[in-house]
Structures are given as C-alpha cells and as structure tokens.
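Okay, structure first, notes after.
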Amino acid sequence: MRKSTTSGYYRIRPRADREPFLAFCDMSGGGGWTVIQRRSNGKENFDRKWDDYKLGFGKFQGKNDEYWLGNDHIHDLLARGPRENSLKIDLMDWHGERRYAIYENFQLANEQNNYRLWFGTYSGNAGDALSGGSNFEDQWSASHRGMQFTTSDKDHDRFLTGNCASENKGGWWFNRCHAVNLNGRYYKRGRYKGPHDDGLVWSTWHGMWYSLKYSAMKIRASFFIDRESGDDVLLVGVFPEARGMDRVSSDSGAAFLSSAELPPEGDKNSGKDDEQAQRDTCDTFRDMPWSLISSVSQSNAQRLLPYSINQECDSPPDQYD
C-alpha cells in the first residue's frame, strides 16, 4: 500500500498461505489505513450470521460502499509481525459534524478465541465509548475491552438472558450489551425510538438513542511514516508513554530532538568513524525522552530506523518496555 498515494480498493495478501482479498486503502491523513468497516447509506444488511462476519460481506466498488472486511482478514492483518496497530474510527452525524477516536494496541484474537477484542489508550474527540462510558457501572456492563464477538447464531456476550446481537441487529463485541455498536440498524435522521437501542451508536457523542450517518473503522501499524507532504513524521506509538497521542509535525519532532540531535549523515566535522557513530546513535536512541512525544521528524527517523527497527541497538530503558 505504501507504493501508492491514491485511495481505493487494492488486493492485499497479509498471509502467504491464504488467498488475497479486496480492501479499501485510505491514503488520507498520511495514508496506510486499511478500512475494515464502513457504514454510509443503510443499503447493506449487517444483521448477519457468524460465517458472514468471519469471511466478510458487502460491496467493494465505490468509496462509500458498505462492508465488513471479515474477522479472519482483520485478524490476519493485525497478526503480521512483531508490531502494534492503531485503530481509527471516523464518525459523522446527520448534521455533517465529524468526530474521531483512535485506539492504540488494537488486537483481535483468532476464531478459536471468538475474535476477542483488545485495545489500549484512547485519543480523539468522539469520547472513549469503547471503554464503556464515564462511570464504573457503565464500564462494567458496557465496556468492549476483552469481549468476544457475538452474532445472532453464536452468543458469546455477558447478557445471560438474551442475545445482544439479536436485539441490536448486528454482530459486535457485546458486553451486556454495549456503549458502541457500529453494526446496528441504520436509522435515518438520527434520533430513533424502539424497544432496543439498536442503532449505529457511539454513546459518548450523541448517546444511545441517536443513530449516526457514517462510520469507518480503519487500521494501520503504529510505527508508520506519514507520507503526506514534506511534513512527514514517524509514529512511535509502540512505546507505552507515547500511545494515544496524535501525530505531530516535523517541527515539533525537531524540537523534541534538539537536546539529542544526531550529526548529519556524512558530517566531516564529527571526527568519528562509522562504528563510533553507530554507538553514539544507539546512546541517543536509548536516552531519548520517549514519554514526551508521539513522533519524530522523518529526517531524524531515517537515521534512527536502521537501529530501532532492525534492533541493532539495545531496547529503550525497561520502564518503556
């Protein structure tokens, strides 16, 4: 995906032992986003059985077509290599107002573990609804962290006397039942009434009885170079203290590095051979105050990448592991 700067459908193959599949690659916001879910018009039925959610369903043609990528495909995308992934959720209401939520360390178990959901730190302006809301009671009964996937024909929720997917018209990581359901019934005009709060819901924004007009869930590696314009940055969300922070400009990254700036490559005044330069770079990498930032400028990242990603340097201090 990084070889193109055009958003659109691409055939991707995260596992060599499985067939490639179509997914929408979103190149906005620096690119690299794989869209795993989209709701936009209510034309697609999301009240589906387990196997449909496992394999995926919907239309894969237009940029606003509705689909679920498939739990197996999502798991394969997240399981590639020793890296962490970010989930970004874009939302829009019926007045055209937009909000978003980002979750670091987004994980999905395999089918044997019923696609159990896990996520880390939140950032954004939509509110941390996936964690269940603002009070303890809501978090206990509605948090989606650690929940297994439930559909109308396979019930893995914590609702002992019913099935949350049947009541709320779509498969999801239900608790008892939810603070978020982006696969629910698509109501037009926002506010709705009924026996169940089964709309397209993000509770910390418009509450449980407002069905949103648009949602898109998309993932990319937390360690990702933003390729949008000359203000490229390197996300370092893999470090715990950096998680949940939005990307920053190269100017901010440069300010961060000012106290530990590396000499420009090939600096004749450095007076150091390559081996000594590598040792100094490793020292700089280890000493950086990672808790203060979420990204560094690409020019400096290019000097850090050979050491941090290829692990030619030791790891950062234990408190950041």
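Under the working numbering, the first residue of the sequence shown is numbered 256, with each subsequent residue one higher.
In this text, a Cβ means the ideal position worked out from N, Cα and C, and glycines have one as well.
None of these values were measured; they are calculated from a predicted model.
- Annotated three-state conformation of G285 is helix, per DSSP.
- Taking a contact to require three or more Cβ pairs closer than 8 Å, the segment 278 to 294 and the segment 410 to 417 do not qualify as touching.
- Put simply, the backbone Cα of D408 is about 30 Å away from that of N340.
- In the three-state DSSP reduction, Q394 falls in the helix class (H, G or I).
- The beta carbon of Y355 sits closer than 8 Å to the beta carbons of K343, I344, D345, L346, G379, N380, A381 from its chain, once the five residues preceding and following it are set aside; these are given in chain order.
- Judged by DSSP secondary structure, S421 falls within the alpha helix (DSSP H) whose first and last residues are 419 to 423.
- Annotated as distal: A434 and G401, with beta-carbon spacing of 8 Å or more.
- Secondary structure at K473: strand, using DSSP grouped into helix, strand and coil.
- F478 and Y370 have their C-alpha atoms spaced approximately 24 Å apart.
- The C-beta distance from R440 to G454 rounds to 6 Å, short enough to fall under 8 Å.
- For Y465, there is no enclosing alpha helix (DSSP H), since its DSSP letter is neither H nor E.
- In the assembly as shown, R475 is a buried residue. Its beta-carbon has 16 or more other beta-carbons within 10 Å.
- A Cβ-Cβ separation of about 6 Å places N430 in contact with H399 under the 8 Å criterion.
- Distance between W460 and R335, taken at the CA atoms: about 33 Å.
- Annotated as proximal: G426 and F404, with beta-carbon spacing under 8 Å.
- An exposed status is given to N368, since fewer than 16 other beta-carbon atoms sit within 10 Å of its beta-carbon.
- Taking all protein chains shown into account, A271 has fewer than 16 neighbouring C-beta atoms within 10 Å of its C-beta and is therefore exposed.
- Our two residues, K298 and A278, have alpha carbons roughly 19 Å apart in a direct line.
- Residue G286 holds the alpha-carbon nearest to the alpha-carbon of T261 among H328, G286, K304.
- Cβ-Cβ separation between G445 and D348: approximately 6 Å, consistent with a contact (criterion under 8 Å).
- For Y264, the enclosing beta strand (DSSP E) covers residues 263 to 267.
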